[in-house]
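The opening residue of the sequence shown carries number 59 in our numbering; numbering runs sequentially from there.
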Amino acid sequence: MTTHMTKTWFENGRIIEQVIPEAEIYKREWVGLTDEEIDEAIKSCNTLDTYKYFRAIEAKLKEKNT
């Protein structure tokens, strides 16, 4: 079963229906990080540990995209 939304309106005396698929309902523009935000994430790690570095970047991206 596919989830969708139906948009209905009147136009020139006619009923118009538009089916919008789920993928389009939740579609939004991805927001990336600025150079300054990347620098901030690097500094917040205060280490060369790659795992911590990527977790800091991930946290910042989640903050901007949710």
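Every residue gets a Cβ at the ideal spot worked out from N, C-alpha and C, and that includes glycine.
| Query | Result |
| --- | --- |
| Spell out a yes or no on whether the segment 90-99 and the segment 63-70 are touching, meaning 3 or more CB-CB pairs, one atom from each, closer than 8 Å. | no |
| Roughly how many whole angstroms lie between the Cα atoms of residue 82 and residue 73? | 22 Å |
| Is it buried or exposed for residue 117, if we count other Cβ within 10 angstroms and need 16 for buried? | exposed |
| Would you kindly work out how many angstroms separate the C-alpha atoms of residue 115 and residue 78, rounded to a whole number? | 33 Å |
| Measure the C-alpha to C-alpha separation of residue 95 and residue 119 and round it to an integer number of angstroms. | 10 Å |
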